[in-house]
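Note sheet for the following structure.
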Amino acid sequence: MTHCFLEANVTTTQISYPFQAGWIDPPEWLILRDRVTDEFLSEDSACALVDTITATRFLDSHSVVADLAIVSTHRSAYTMRTTKRPDEVEHATVQLGEACPMAEALARATIHHFYGIDVVDWNRSKQDSDVTILDHSAAMQPDPDAWNEDLVRAWFILTSMAVPTHVFLAPKSVLEARQNEIQKMVETIRKSIDIADDRRREVRRNVSGDLEIDRDHLTELLNDQKTRLTKNARKGWLDLANRVARAMDLPTGPNPDVVSFGLARDE
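Just remember that the numbering used here sits 14 ahead of the position in the sequence shown, which is counted from 1.
This is the structure in structure tokens:
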């Protein structure tokens, strides 16, 4: 049986929450994780809804299924937090902490080129810094005494491109041998999206309450998202990956094999 690792956090709410809430019975092949790392994809021939920067490391062995993704344009759960106005920060050590690869990539692509901040160092310790990168629920709990900047919004203003924060990977070997298995898997996950849409008021009430985040902010985040890998988003993903490839030790010139089962309309 092919397993599927599904990243379950505030960014993937539209896909993951119905499974987490028990609104749809999780199939035996589904494994929910707060974060899907390289190790999960390396351990066996598994499918995954995964951070797109992590995904670039597996494009030789996996195809991207366009019918399932999280694409953001103006709102996200990836934030740069500064102790003073961003235009007043000239030189800074950027504190990455436990920020995911997607958050780091957006930060590396925008902090200097969009905000004009010269980065002295990138640090993953817990020391205080004028610039801190936060992701997911932590990014949606703004500090009223700090400045909070949405990194996807900055990326869009800088490039005019949306960006997929998560894509769905399927092993090429499994697609070749058992394509119907992958298609049924994607169909099941898309049913979760339909349920989340039908019960969106409950989703927003429950998630905002459980995570103690602002409901209006969550609503804006979910309304902004698309759940299919669009052409513009694919372009944004590859552009972002190329910009940070050297700094983050990513494969250069990623060229994903993209397949579709026609399960989601073009958006």
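Quick reminder that beta carbons are idealized off the backbone N, C-alpha and C, glycines included.
All of these numbers come straight from a predicted model, not from anything done at the bench.
Linking Leu172 to Pro178 through their CA atoms gives a straight-line distance of about 16 Å. Unbroken alpha helix (DSSP H) runs of no fewer than 4 residues, entirely contained in the stretch 182-251, are found at 186-191, 193-212, 214-225 and 229-238, following chain order. Within the DSSP secondary-structure output, Tyr92 pairs in a beta bridge with Asp149. For the alpha helix (DSSP H) assignment, the uninterrupted runs of no fewer than 4 residues enclosed by the stretch 61-87 are, from N- to C-terminal side, 66-69. Judged by DSSP in its simplified three-state form, Ala176 adopts coil rather than helix or strand. For Asp157, the three-state secondary structure derived from DSSP is coil. Rounded to whole angstroms, the gap between the alpha carbons of Ala259 and Met116 is 12 Å.
Between the stretch 45-52 and the stretch 224-231 there are fewer than three C-beta pairs closer than 8 Å, too few to call the two in contact. If you look at Ala35, you'll find it in the alpha helix (DSSP H) that goes Thr27 to Ala35. Residue pairing of Asn137 in beta bridges, as defined by DSSP: Gln109.
When rounded, the separation of the alpha-carbon atoms in Ala176 and Ile209 is 25 Å. Setting aside the 5 residues that flank it on each side, Leu55 is surrounded in the same chain by Ala62 and Phe72, each with a C-beta closer than 6 Å to its C-beta; the list follows chain order.
Note that the C-beta distance between Val78 and Val272 is below 8 Å. The bridge partners DSSP lists for Asp132 are His105.
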